[in-house]
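Chains as they are written, first to last, in my numbering: chain A, 4 to 344; chain B, 4 to 344; chain C, 4 to 344; chain D, 4 to 344; chain E, 4 to 344; chain F, 4 to 344. Beta carbons are placed, not taken as given, at the ideal position from N, Cα and C, and that holds for glycine. Since the model is a prediction, treat every value here as computed from it, not as a measurement. Since the structure comes first, as structure tokens, the remarks are kept for the end.
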């Protein structure tokens, strides 16, 4: 039984260490993408993970595929064609200086995909779970339609569907997002969001919270989850709760709302010292999916998801290179980072 | 009196050393472009060099401008706007393995320029020379029209015009190139080409030469120059003569044909051991322009141009970081690379 | 209208990361200098910034000039001559281990400058502000005389003069500093100092503060400013207030005293996690000058200067690579370093 | 139909560039091994390639597996267990200084394998070819027995067997090699050797050749092949012919002897400028296997194998990262390394 | 008068920065080992420091010796022989992710040493102190016997003996450790331990402390020291007290118990921001030995040892590259890391 | 019995790879110096090698000493004092571009040495050989006097004296060199020179040779040696014969003239592909000294010296990191750089 993830895989060009973009004459080059990050994290957990996308022919597209095969992700359903691999420039923030992301992903092989590129019946053979995010429909109406097509097929086949809202202000406006995402939400069983997404996409604001000022009121997020459920009838709503102190130090926790008993389960809160925070939300999603497909209780799921994404903050690159055993150790309380030898 | 160069400035993402693309997780990132290379080389020679282009707002475009200012190139006429900086991936060849260039330059700020972006009257104030290349018209009809507009203005103002044919098979077909370039050639005083361009663009083939097999018949290039002159009435035709042995070792020379006496001047031939050959043709062009604006005799011009571009093969990156004194030393016969201390 | 800065530009040889000097076999090599840092920061803010200095002929001196041109600093008044570029070795501290600076700047091209090297009438054409620091007179009586000459010319031309006391115990004694600086202070309009300078140079000690123990009493610095003003009749006195916790963590704030209303304006205090703190004081000076030449109110000036120098702590190298927009974002309260995408 | 390769995968710790071992404080770390190299090269050619081995649990063993998955090699039959991954230190030679290999591979997970670790019936399902080398039996009698077992199973299933003699003087003596290899040769269809192996293992010396002095008499190798065939009844014998000039420059060619018509086919000879020559022999083997399973004529096979291994000399690391298309281009005569753009 | 240290010197292969093992294709390679670290730190303090060990012939063993000579450690008594240098892989932890050490040290030249390899009478000529650790007897009964032989010889010659318990769970079980160490303790004058060793080796647990949860009750360690003294009649017992907050932040202090007055001296506690914590305990031991051989009072000794090992946390690599002057500066209260220039 | 070498040890700041000075923002930093290179090479050969010099206090001077101790060079007679370590910038040439050395060594600790800094009676205890070069007297009259003092002491003690002429045009004029060196030559037993030194210092020109054009007439150097011997009564004259083809490719040989039989012994000539040629002459000197103190016949000495310095061209940095065994292998004819494994 496989988990199918659909989305764009991108080249990430990061200035080394804490240097500003182009301060030195090199970039750290890795592959990533909100959905590819989920696929890799699941593969690292030992899950049969299949990633579906479109990349150009030639060494850049092949490099993207190889970077997934490295972790054991199944890549046989990745289509080749189009002109270029989308990319973005990343500058890591420090102290009071925020991280910076500059997208250069328009006209990519993925963004130019068409409906006929993907045969969802074939793709979903043996699948038990389908995951996508709000980044994809933001890339254009063609991708939005492909997402809808995928959701319809998944629903027909009885496959559970999760979606991470992942609002990106550089890709679309809140009103465009709302219009597009509302239709997709009809098919979604598990809705994943960060502390800003619900407000940005659906206008559901957490009371007493000001994300830019580093103020998060956890209890108000229970209300956000309830309202999301009320509006779209999700089975589960999971929200990450990041309190930003500086670009180096954040607090991190997660919440999982179950529609069955209308209550929320909160994870521990971690004081994280950040190595690389990009992809943390995606690793949270992967942790959730791992918990669900292994039939964990809700509290155990949110603990696993929060711990796995806590660890992501200590990993270079977007991909969450941690094993189930490592996540379990943290859930079990070993959070002081002592050396084992 | 300034030399004005017009063209695209690109980000070059090169895999380090002799590694294949994406073999390791970093790229060497430098700025370049056939015309920018000429502008920088001239600035290194102490010439007032002004570069005209269009780059996006933000740190990537600014980095491109800064990389030119570093050498003292005048950048005040570079327009800002559009969506992205064009880029390409470069893999350096070795032995029997050829270098590889993968363009990702469509939809760039420069390629999307329009006629009204550039005020040529203003740009050409104080100018004595205008240089452009065949890469620009290959980027689209809008750029082709801008080139025409620039040429017309330059001609009116009595500015000498040089053009490097610079045929790029990844950008357009020979027939498209021919159609476009023929019109532009009407305005050109100094035509620069490599050992393949004349054939690719205008179908003028050098007899007894097979470039891919590493066979160059120098004398036949005299005929090529004559035919180019006969067809377009150029004042001067300069051709680089590269004999490829392997990706590491080439022979390199240059030829300059003068219409006045209908004869060709040949430079020495250099056995070059290649550090980085990209930009060698551009450094040849810069050497020529330097010679012309300093009123050197034709033999001295071709010697200077061939020596400066010979040295380029020993420099990392596209830009030819050599001084007039260094070129003169080589022209004067110090070609054995002894240490001076 | 340009801001003219005069001083030495140095080569900084820093051991990589947190390694000790010569622990590995490479140095990070960048250019810097208290006054060059100011010139670059102003250029990054879009100010017409002219740097005046003396560097040796050849690639090392040229490299220094190029590093300034990169940012758009005007370098046409930099004189060439002398034997060597001054340099220093830098080892970055961590935790309880302090940073270490080893000067090797004696006999430099700049330190051997003579009065006739600089034509201040020409240099100050179009200038509205002149900035220098206490490092220059510490390099020898010849430089001291050049500073005096520059100040006299500036005063005659009605140019505002700022001076950062910048006491360096490795260059001269407090008594020598006092003797020299007292004469120069007659010309200075804006006096800039850190939390130790006033005591070291003029014996004006802040009560209840022990800088080495990390104790700073802000209110006592108001008295320091007043006493500086009383003694030298400065129009403005600005002081940086650094509380050292460890080599990695400092608190940072600034104070600006105006003689008109005899009161001090304090900035926010920032808890900075240090990437590279060298040059922070210089970036504070540049922020002040930017505020003054843009006619900001005093509170806005000190907020801008403190924020811009807060950001400097997050930047590798001496130069403060931040834009006005980035400083404004921090002044406006975005201090939690969230990613924008 | 898959090609199965059996052998050890090792960690290669190479001093960077041309530095001597431990001259600087880092190693380039890649995975390799005579047989793994063949498996990767075949996967790069698009062949279904399955690698069989034994690696330790934990991140080092997993890293080895990941490095194979990256290229699409099937790793499901790699067994986990034992204490350590074998490794070797590599120092790249230059000019008259030879490369140096220091093995640290005793007691490895692979060397401690036992017969029951591998279920050859299962492994050979869908296989058409089995490849191993003389390195494996050199690691101990247990591995020798496993090789025998594999050969017997392959023979029973009608699978073609190739063996690269790959004599390693640091692992065993010629007499031990002879004793062990003679038994294994009974099962082998295609024997692969370099210019020294036949002499080292079976005492069959090429006349008029002195490998250490850089003298190779091609025609005498035809006799070597014949004698090998006469003694072991191989269907095909392939020999690589390396003429060493310096550590940087070698001549390289290959020969393929067919028992059917008792004649040898020689490839072109290439003057290679070496980037990394380790693994060249293995890439020759992979080229041969690719030719045989695609039913090429013998001349085409040896041309393909020689060209693919010629290209290997230009690739960093043991793995031959070249595509069929790239090999074909070289076979077709593009050997001058010109840039394509 | 020399200090003799006996133990294994190892190659440490660390993944760069905070990357996971094999995430990138290089290792930082340095030499280290609990006892070698002590020898180097003492040499940095200006002590005549002799290291005794066994390494293989060839460049890897020679590199280990060279790395000690670099600091002035006497290496004339290091024996050459055996097959390999022991090594380990190190992954530096961050935030909630712990550091990871993977040993590959079995069958090393040192582990295969025999009694006759070392002539202790000769080695101890001019010695005043002998130091070893619990790592050595954990490597096998042969090394255990060599330690015993060394202790007997040292005792006979009136040389003071110190031992760091250094329990390593990856090398032996608590019960094996107890059995072996109890015999060796008879000879030991100064026992050094970390906050876990006494419990792991001798079952002496500190009350109210949970090391994995980051809880340390200092006063209870006075009881641990007393009990150690009561059982083995040590003259002095020194214990390091590490409170782990995250992998980046620890509190660090030391305690020294003197049997003469049965009281404990505690050092300051330092909040350390970790650069590299491996070897901190060894640098504590070196600090102690330096204090003892310079006849410092006990409080001064523990202050010196705690400060020197506090600084170790800020140094890359195992070796504590700090001078006596730097340690004294910290002891004297300069702990805020201000730049001196 | 030790070999004593006297001279300056310098910091060498080399731009990485083939980049131009300051093209990127780092320098490779190593220690070197004509005489230190000899001392290290001898230590690598197992000779008791003592280096005498003067370096500043602090980490830079200590780093220089450590770099020598690493190889086992005795450093106890290195004096500490003065202000700075001399340094130079190095840019490696390629193809037709020559290497570039920019000295910054004036006012160094060594250059400011005085006679009383060195107690030659003490230094020469146990010495059998004294080596110095023409670089030292070029640094000033004080160093010239120290060299004279050292020579007189050595002569009195019956120690053999060798001197490498090592003319440096950036340090003094031919006439100054002649005046100074003529006096020193009275004491010298073994004179070492390169193909230019005899002409530059003593006006003895090799007929039919033009070093800058890459033309060397070996036989004429026999005459040079004879004339040197006639003028100064050297026991032996050794000359290196470098034919420069490009900065990458040189031919290299050596000649040793013995006064006893008035004949010259020539070594093989090597075609070297250069990794780093700086220090090649010094490694030749070290090879000679090794041969003499081991009482080799003259032909064997010159073969050893030429082979050891041939290998130097393949080693990064000034120091010749090769063993006697490696030199012997090359002398014995293994010059094709085959891998041994």
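Of all Cβ atoms in chain C, is any one closer than 7 Å to the Cβ of residue 31(F)?
yes
Inter-residue spacing [alpha-carbon to alpha-carbon] between residue 309(A) and residue 270(A)
6 Å
Determine contact between the region 99 to 113 of chain C and the region 73 to 80 of chain C, defined as no fewer than three beta-carbon pairs at a distance below 8 Å.
no
If you drop the 5 nearest sequence neighbours on each side, which residues of the same chain put their C-beta closer than 7 Å to that of residue 117(E)?
145
Smallest Cα separation from residue 161(E): which of 93(E), 131(E) and 149(E)?
131(E)
For a cutoff of 7 Å on Cβ pairs, would you count residue 20(D) as touching chain A?
no
Verify the CB distance criterion: does residue 96(D) have a CB-CB separation below 7 Å to chain A?
no
At which residue ranges does the region 281 to 330 of chain A contain complete alpha helix (DSSP H) runs of 4 or more residues, listed in the order of the chain?
283 to 296 and 301 to 315
Please state whether the Cβ-Cβ distance between residue 167(F) and residue 207(F) is less than 7 Å.
no
Rounding to the nearest angstrom, what Cα-Cα distance links residue 283(A) and residue 313(A) in this structure?
7 Å
Flag this pair as yes or no: are the beta carbons of residue 142(B) and residue 180(B) separated by less than 7 Å?
no
If you compare alpha carbons, which of 267(A), 338(A) and 175(A) is closest to residue 225(A)?
267(A)
Report all residues from its chain with a CB closer than 7 Å to the CB of residue 26(F); omit the five preceding and five following residues, and keep chain order.
18
Closer than 7 Å, CB to CB, is residue 40(F) near chain E or not?
no
Answer yes or no: does any C-beta atom of chain C fall closer than 7 Å to that of residue 69(B)?
yes
What residue range is occupied by the uninterrupted alpha helix (DSSP H) comprising residue 64(C)?
62 to 72
Status (buried if at least 16 other CB within 10 Å, exposed otherwise) for residue 279(D)
buried
Leaving aside the five residues before and after residue 98(E) along the sequence, list all residues of the same chain whose C-beta is less than 8 Å from its C-beta, in chain order.
249, 250 and 251
With residue 39(F) and residue 10(F) assumed to form a contact (beta carbons below 8 Å), what rounded beta-carbon distance in angstroms separates them?
6 Å
Using a Cβ-Cβ cutoff of less than 8 Å, which residues in the same chain neighbour residue 64(A) once the five nearest sequence positions on both sides are dropped?
58, 83, 88 and 112
Residue 27(F) at chain A interface by Cβ criterion, 7 Å
yes
Residue 209(C) - containing alpha helix (DSSP H), residue span
Segment: none, residue 209(C) is in no alpha helix (DSSP H) and carries neither H nor E.
In or out: residue 178(E) buried (at least 16 other Cβ within 10 Å) or exposed?
exposed
Buried versus exposed, by CB contacts within 10 Å (16 or more), residue 128(E)
exposed
In angstroms with no decimal places, state the Cα-to-Cα distance between residue 201(F) and residue 66(E).
39 Å
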